[in-house]
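Position in the sequence shown counted from 1, then plus 794, gives you my numbering.
First comes the structure, then the notes that go with it.
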Amino acid sequence: MLPLYLLNAVKGESIVVELKSGGIVNGTLENCDNYMNVTLTDACVSLVEDEPFHKIKHIYLRGTNIKLFKMGNEFIEKFKEQQQREKENHNRGNNNRQFNNNRQYNNNRRNRRRNNDGGNW
């Protein structure tokens, strides 16, 4: 799942897509789905090796035809920072959940004691 998270993190950024046929597409990532089908805007396209590049406003590339994605290291760093923030938020949520579970456990214990003692304790 890592590559899909990375692609979602760099939406709106310029990437290079190399196709299995040897073609190259350079454009701004607009969208990607679970099958790694991608939509690029303002793309420069050379679908066959050694063919001149053509400008295309929108292009849809099917994931099964994609060999690899190229992007700058700054995007990888941006992705790592985003993953770290999500991990911290997840851990913070688990701590709150643990606190709430303990509170619920203590309330249940207190209620059982009250019921067993006839309410006088």
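Quick reminder that beta carbons are idealized off the backbone N, C-alpha and C, glycines included.
Remember, predicted model here, so these are calculated numbers, not experimental data.
The Cβ atoms of L800 and I860 lie no closer than 9 Å to each other. Taking L823 as reference, the option from Y829, G817, K814 and T835 with the minimal CA-CA separation is T835. By the 16-neighbour rule on beta-carbons within 10 angstroms, L862 is exposed. V804 counts as buried, since no fewer than 16 other beta carbons sit within 10 angstroms of its beta carbon. Listed in chain order, the non-local C-beta contacts of K814 below 6 Å within the same chain comprise N859 and K861, local neighbours out to five positions each way being set aside.
The C-beta distance from S840 to I818 rounds to 5 Å, short enough to fall under 8 Å. Looking from the CA of N802, the closest CA among N820, E812, E843 and N831 belongs to N831. Sorting P797, R886 and N820 by C-alpha distance to the C-alpha of H852 places N820 at the top. Assigned with DSSP and collapsed to three states, N831 falls in coil, not helix or strand.
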